[in-house]
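Take the sequence shown: its position 14, counted from the start at 1, is 78 in this note's numbering, and no numbers get skipped.
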Amino acid sequence: MISSIEDAETAVDGDLDLRAIGERVRRLRKGRGDTLATLAARAGLSVSMLSAVERGEKAATVLVLHRIAGALSTTIARLVEEESPVRATILPRDRQAVIPGEGGWTRRIVSPVVPGIEFEMMVTTLPPGIDAGEYDPHPAGSHEYLLVLEGELTLTLDGVEHRLAAGDAIHHDGHCRHGYRNDGDTACRYVLAMTEAPRRRP
């Protein structure tokens, strides 16, 4: 399972600063007192994959970054962007990280990283017929809010499907398995906002 996830969900994206992402992952890992092996096990990844990400040799796409961020009790945004200490922060479009997914779908991170706040907002585009995969539960106390901008989206929560059309919005507990699929004939674009609760240390 680990190797198939890494093979399918890993691609180098020239728009991302791979070395900076790796340094942030390493800094967060060491700040928690985790070894490579400990974090890799918690994220469900191989040690070699995690080590390559930390060295800036590989750019993990959404699923792998989701697992690393979850294992570190943080957000994908905090891995791909530096913190902004000022009271108001503009994140220009050309500085928003775009993370590719298998099959041509993309996730654009539109939330600046603010110290002490684990909040993330992103705009995802799913081409027709694309399944973005299923994601592990966030820590208990996490919440997700989603608004469909264009097209149709099938959101699966712990195996239960919810079909959403353009203009529909939904909130759900983040502590469940969740998946995103476009069964329509046109592209689907949606905004997803998430608050991440701290993960309890074992």
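The C-beta atom is built at its ideal place from N, Cα and C for all residues, glycine as well. The structure presented is a predicted model; accordingly, all values stated were derived computationally and were not measured.
Using CA coordinates, which residue listed in the options is at the minimum distance from residue i?
i	options	result
G231	T220, D222 and E214	E214
I163	I194, F183 and I140	I140
V89	L136, H235 and E166	L136
E36	G193, F183 and P179	Residue coverage of the chain in this structure runs from 65 to 266, which leaves residue 36 outside it and unanswerable.
K122	A152, E145, R253 and R83	R83
V179	T189, A124, T138 and L109	Looking at the sequence shown, residue 179 is not Val but Pro. Among T189, A124, T138 and L109, the Cα nearest to that of P179 belongs to T138.
H202	P262, G168, S175 and C252	P262
A101	L92, G95 and S112	S112
G168	G248, I181 and L190	L190
D195	V126, L109 and G120	V126
Using the C-alpha atoms, what's the distance from residue j back to residue i?
i	j	result
L143	I85	6 Å
D81	V117	11 Å
I173	H207	17 Å
G78	G205	Residue placement at G78 is poorly supported in this model, since its pLDDT is 43, which falls under 50; the coordinates still yield a value, given next. Their backbone Cα atoms lie some 35 Å apart in a straight line.
V177	E146	6 Å
I234	F183	17 Å
R227	G134	26 Å
E260	D237	11 Å
D247	G97	43 Å
R91	T170	26 Å
Find out if the Cβ-Cβ distance for the pair residue i, residue j is shorter than 8 Å.
i	j	result
R131	A105	no
V255	L210	yes
L217	Y244	yes
Taking 8 Å as the CB-CB limit, is residue i close to chain B?
i	result
A251	Chain labels in this structure do not include chain B; a single protein chain is all it has.
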